[in-house]
Amino acid sequence: MTRPAPRRLLSAAVLAGILGPVLGPVLGWGLATAAAAADLDFRLGLPVDCEMGRVCVVQNYVDQDPGPAARDHTCGPLAYDGHSGTDIRVPSLVEMREGVVVLAAADGKVKATRDGMADVSIRDIDRAEIEGREAGNGVVVVHPGGWETQYSHLLKGSVTVRPGDQVTRGQVLGLIGLSGHTEFPHLEFSVRREGETLDPFTGQAPGSGCGRPGRSLWSEAAAAQLAYRAGGLLLAGFAARKPALDGVLKGEFRRDSLTAAAPALVFWAVSWGLRGGDEEVLVITRPDGSELVRAETEVPRDKAQWFRFGGKKRPPEGWAPGLYRADYRVLRRDPEGPREVVKVTREIELR
-4 MTRPAPRRLL SAAVLAGILG PVLGPVLGWG LATAAAAADL DFRLGLPVDC
46 EMGRVCVVQN YVDQDPGPAA RDHTCGPLAY DGHSGTDIRV PSLVEMREGV
96 VVLAAADGKV KATRDGMADV SIRDIDRAEI EGREAGNGVV VVHPGGWETQ
146 YSHLLKGSVT VRPGDQVTRG QVLGLIGLSG HTEFPHLEFS VRREGETLDP
196 FTGQAPGSGC GRPGRSLWSE AAAAQLAYRA GGLLLAGFAA RKPALDGVLK
246 GEFRRDSLTA AAPALVFWAV SWGLRGGDEE VLVITRPDGS ELVRAETEVP
296 RDKAQWFRFG GKKRPPEGWA PGLYRADYRV LRRDPEGPRE VVKVTREIEL
346 R
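Numbering (our numbering), first residue to last: -4 to 346.
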């Protein structure tokens, strides 16, 4: 994907003056007004140009639990305490570098922008360095009727608009990045009306309670793309050595070259949205169909992101040449019966 050329960047002094309160963390919660929930004229398009459910997934929703716990609007665990946006993530830095476009969700006028912040995980920097700029690079757009949308954590140098620009739904605003207070590349999409934060899936304020009837603010097409997914696979592959999650997310182990002399044969998988009690089954078979590895484990607790790997060291006689296969699945026991949350097969030929 071709990266859109960024417009002229505003100076740091100007950004500090106008964006501190605008692109900082949104913390104020209140009850949604009836007018906001009932406004049928405002509809949001998909804010990313990305295949949902395959390349992009909703990692976190708005927290609708009124207390210290966290629940998304369906009463599922895909939220964290106090979260007031919708996090649309890509699997790793590889996809981020390739470029995933962020789009204006509705017609409007750009109120504020920030660009120039580095794309780096919060685990690798001092949080004091980004104080007051936790949302990273971003764009705020105002819309008729008191509506406002915010696009946070964009890629450094990718913002294509500036304050005062008129934008239309579907117009490119920037690229998904890793700027600000975040551990993985994603777009945090936020919606407000008259300064009041709302959940775009229900039209209700954060903390209003999960499972309550509401009215989605998404257009019909966007709602279909954003159908609720309660977990799934991000990445999977083989490695010739013990993999590390940080390395996988940076693009390592993605195309390990394996031969019959490989020191180990390891399958790895990164999943999202798993729940405590989910059952994992990993089976690796040799070219003759016999089992090299069988591992059955249980996810210990709810996991926004989960990394699993398993394999064997090279036997003294070396690997038998041929096709090796890994089958990995995650089963969830719902009231209606068990269902597969993750199912993936990978094959690799050793010569």
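Beta carbons are placed, not taken as given, at the ideal position from N, Cα and C, and that holds for glycine. The model shown is predicted, which means the values in this text are computed figures rather than measured ones.
Asked, Found
"At which residues does the alpha helix (DSSP H) containing residue 242 begin and terminate?", "240 to 245"
"Between which two residues does the alpha helix (DSSP H) carrying residue 88 extend?", "88 to 93"
"For residue 340, is the classification buried or exposed, using 16 other Cβ atoms within 10 angstroms of its Cβ as the cut-off for buried?", "exposed"
"Is DSSP giving residue 44 helix, strand or coil here?", "strand"
"Quick one: using the 10 Å Cβ neighbour count with 16 as the cut-off for buried, is residue 342 buried or exposed?", "exposed"
"I'd like the list of long-range same chain contacts for residue 65, defined as Cβ closer than 6 Å, with 5 residues on each side in sequence excluded.", "58, 74, 75, 76"
"Using the DSSP secondary-structure output, state which residues sit across from residue 98 in a beta bridge.", "167"
"Taking Cβ to Cβ, would you say residue 156 is nearer than 8 Å to residue 97?", "no"
"Assuming the contact rule is C-beta atoms closer than 8 Å, residue 237 and residue 261 should be a hit. Round their C-beta distance to whole Å, please.", "6 Å"
"Considering Cα atoms alone, identify which of 171, 335, 331 is closest to residue 110.", "171"
"Measuring CA to CA, which of 83, 198, 82, 304 is closest to residue 291?", "304"
"Grab me the residues of residue 322's own chain with a C-beta within less than 6 Å of its C-beta, minus the 5 sequence neighbours each way, in chain order.", "278, 340"
"Where does residue 283 land, buried or exposed, given buried means 16+ other C-beta within 10 angstroms?", "exposed"
"Quick one: grab the DSSP three-state call for residue 281.", "coil"
"What residues are listed by DSSP as bridge partners for residue 324?", "276, 338"
"Quick one: measure Cβ to Cβ for residue 153 and residue 169, integer angstroms, because I've assumed they're closer than 8 Å.", "4 Å"
"For the structure I just gave you, are there three or more beta carbon pairs, one from the region 134 to 145 and one from the region 175 to 186, closer than 8 Å?", "yes"
"Looking at the unbroken alpha helix (DSSP H) that takes in residue 220, where does it start and where does it end?", "215 to 220"
"Thinking residue 258 and residue 309 are a contact (beta carbons under 8 Å), I'd like their distance in whole angstroms, please.", "6 Å"
"Would you report the Cα separation of residue 230 and residue 105, rounded to the nearest angstrom?", "35 Å"
"Measuring straight from C-alpha to C-alpha, what distance separates residue 56 and residue 80?", "6 Å"
"Given a cut-off of 8 Å on the beta-carbon distance, is the pair residue 61 and residue 204 in contact?", "yes"
"Would you report the Cα separation of residue 165 and residue 103, rounded to the nearest angstrom?", "11 Å"
"Let me know the secondary structure DSSP gives residue 119 once reduced to three states.", "helix"
"Going by the beta-carbon positions, is the gap between residue 263 and residue 232 smaller than 8 Å?", "yes"
"For residue 216, is the classification buried or exposed, using 16 other Cβ atoms within 10 angstroms of its Cβ as the cut-off for buried?", "exposed"
"Whose C-beta lies closer than 8 Å to the C-beta of residue 301 among residues of the same chain, with five residues either side of it excluded?", "265, 266, 267, 269, 294"
"From the DSSP output, which residues share a beta bridge with residue 307?", "260"
"I need the straight-line Cα distance from residue 315 to residue 181, nearest angstrom please.", "42 Å"
"For residue 85 versus residue 53, is the C-beta distance shorter than 8 Å?", "no"
"Per DSSP, residue 291 forms a beta bridge with which residues?", "276"
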